[in-house]
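**Student:** Just passing along the structure, written as structure tokens.
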Amino acid sequence: MSKFNQSRRRFLGQSGLGLVALTTLPSISNAMESMGMGRMGMGGMHNSMGSEVNYPKLTPNKSNPNFHPDVELDLVCKPIEISILKGAATKVLHYQATLIKGPKDTVVDIPHSYLGSMIRLQKGQKVRINFHNALSQSSVVHWHGLHVPQVMDGHPQYAIESGETLVYEFEVMNRANMNMYHPHPHGATAKQVYFGLAGAVIVNDDEEAALDLPSGEYEIPLVIQDKQFDSDNQLVYSPNRHQRMTGVTGDNILVNGQANFHLEVESRAYRLRVMNGSTSRIYKLAWDDGMPMTIIGVDGGLLEQPEVKPYVMLAPGERLDVWADFSAHNEGSQLTLKSLAFSGVMPKMAMGMNRSSLAVGSEYPICTIKVTRKVSESHKLPTKLAKIHRYGIHETANPNNPLPISISESPMSMLLNGRAYEFNHPLPSERVKMGSIVLLEIFHAQSNMGMGGMNMTMPHPIHLHGQQFEIMSRSISGDTSDYDTVREGFIDSGLKDTVLVMPMERIKMIKPFQDFKGLYLYHCHNLEHEDMGMMREFLVE
Ligand code: C2O
Ligand code: CU
Ligand code: CU
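Below is the structure:
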């Protein structure tokens, strides 16, 4: 690691002991390091419910006087209170962005929401973001979906303490797409996201602009999350062992931070930018009136042409660009975006142990939409959308020998490639050459039988930091009756950074590792799993 940041090491005297009390995972090894006792060979130590990791102490990145930003903003994360349910206000954590330089529409606040300000960027822009931590615990921001240098990626090693500021500087290299910014401090990501730290970063480019898609009031973000409230309207997050294994779920579905979200629209086409910001809940999205789901984009941006589906799966960390045309609807008509029933979500042993009364895989409404005005004008759905650069298997460095991402599931732990998270300890299969195009294969490692023959297999949304990948193939073995309830809901024709891997499923994909060296995380975006250590790193060298 030292080759990336030797110069950024914080002097022990500066870090002080007070800092130890503020870390989200106070550990003996941290304390020893702060006391000048070094790492004592404790790096990579972990237990069954997570992993303890020692990061070197770093001086938070400062702004570079030679970097001339087109856009500059301050981003603070802080506790606030906001009214979500009737009655008492809810204590949440909130990202608030303030524009310092750049186009006026760069920062848009979502009204009455704890969700972070929406940040709108243009491909090619140079961006500086001054992130200030006003929480009482350490945090770091990750730009999920953006292709940025390793030191700007929000790796947990760069987490800053309460009161500190970390400067991000990068150029927007993505094609037009929707990304999610969220915290990534080791072991505390799920909790911080759950308490409200999440927002959207939308990238626009010329190719997208030429399509003249619905924009302005006709382009609407829909960030879907589930939360559990106590009788005082406060968020509840204290997962027990079972809830960590399954993922934490709540009984309240919030859209854009609001309960019972309701949208009023004109009878015309809208572009819905949908993002799953839940920690673990998977949705099977469909319209209740039989209108099919028309998808024009996914995580990595626009598809080449629209796809029409009866329903679409949306796992934590995934995004969907939905074309919703209400022009056949009469004034006054109402429809509901639902999550439909599906199966195969829970390890069989955990069925019935989940406390949520709103079971994942049951049918429930997400939000309602009412057509309040009949209009005759509407955008038309383009038949051709955008170009996607696709690599063939023959262009990969390892066409016959995919790099493995194996998932092992047991009642004690969820692992990738047989290991819990370790910092800067890549396996040979986790070292890739910068500039290479790599064939990867995700699969469930063992016979999917946990201790005592309990079936532990469950879905995992696997996310890879850095550039988007293309999905080459999916295969499923064994009894497909559960899979049959979801199989039509995957959009594999676009570029992805998060892929839902169902039980017994095997997925091949191609990912470029271009432009930047360093440690890039990959992990389960079931954030409880991530925090338990279901996370690894690729070392791009
Ligand atoms: Cu959205 Cu490493 O995460
Ligand atoms: Cu990410
Ligand atoms: Cu998982």
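If you count by the working numbering, then the sequence shown holds residues 533 to 1073, one letter each, in order. Ideal Cβ placement from N, Cα and C applies to all residues, glycine included.
1) Going by C-alpha to C-alpha distance, which of F874, V735 and P943 sits closest to R773?
2) Can you tell me which residues form a DSSP beta bridge with G1050?
3) Going by DSSP, what residue range makes up the alpha helix (DSSP H) through A722?
4) Tell me whether H1057 sits in a helix, a strand or coil according to DSSP, three-state version.
5) Taking the alpha-carbon positions, what's the I616 to T622 distance?
6) Just the Cα atoms here: how many angstroms apart are S910 and R803?
7) Tell me the rounded alpha-carbon separation between T904 and E749.
8) Can you tell me whether V806 is helix, strand or coil according to DSSP?
9) Rounding to the nearest angstrom, what Cα-Cα distance links G529 and A730 in this structure?
10) Quick one: Cα of Q866 to Cα of F858, how far?
11) Any residues whose CB sits closer than 5 angstroms to a heavy atom of ligand 2? List them in chain order?
12) With DSSP run on the structure shown, which of helix, strand or coil describes G789?
13) Whole angstroms are fine: how far does the CA of G1065 sit from the CA of G950?
14) DSSP has V509 in a bridge; who is on the other side?
15) What residues are listed by DSSP as bridge partners for F874?
16) According to DSSP, simplified to helix, strand and coil, what is P943?
17) Pull up the distance between the alpha-carbon of D606 and that of A873, whole angstroms please.
18) Which class does M988 belong to by DSSP, given the choice of helix, strand or coil?
19) Would you mind sorting E927 into buried or exposed? The rule is 16 or more other CB atoms within 10 Å of its CB.
20) With H, G and I counted as helix, E and B as strand and the rest as coil, what does DSSP make of P715?
21) If we ignore side chains and look at the alpha-carbon of each, how far apart do I692 and H664 end up?
22) Hey, could you find the ends of the beta strand (DSSP E) E1037 is sitting in?
23) With distances taken Cα to Cα, identify the nearest neighbour of H676 among V1072, C1056 and E1073.
24) Given the structure, does L1053 come close to ligand 1, in the sense that its CB is under 6 angstroms from one of the ligand's heavy atoms?
25) Does DSSP put G1021 in a helix, a strand or coil?
26) Got a sec: does ligand 3 put a non-hydrogen atom nearer than 6 angstroms to the Cβ of M946?
27) Drop a sphere of 10 angstroms on the beta-carbon of P960, count the other beta-carbons inside from all chains shown, and report buried for 16 or more, exposed for fewer.
**Tutor:** With the given structure in hand:
1) Nearest option by C-alpha distance: P943.
2) V1072
3) T721 to Y726
4) In the structure shown, H1057 sits in coil (DSSP, three-state: anything other than H, G, I, E or B).
5) 7 angstroms
6) 12 angstroms
7) 14 angstroms
8) strand
9) Outside the shown range of the chain (533 to 1073) lies residue 529, about which nothing can therefore be said.
10) 10 angstroms
11) H676 and H997
12) coil
13) Cα atoms of G950 and G1065: separation of roughly 11 angstroms, rounded to the nearest angstrom.
14) This structure leaves residue 509 out entirely; the chain is present only between 533 and 1073.
15) For F874, which the question treats as bridged, DSSP gives no partner whatsoever.
16) coil
17) 42 angstroms
18) coil
19) exposed
20) In the three-state DSSP reduction, P715 falls in the strand class (E or B).
21) 9 angstroms
22) E1037 to F1045
23) C1056
24) yes
25) helix
26) yes
27) exposed
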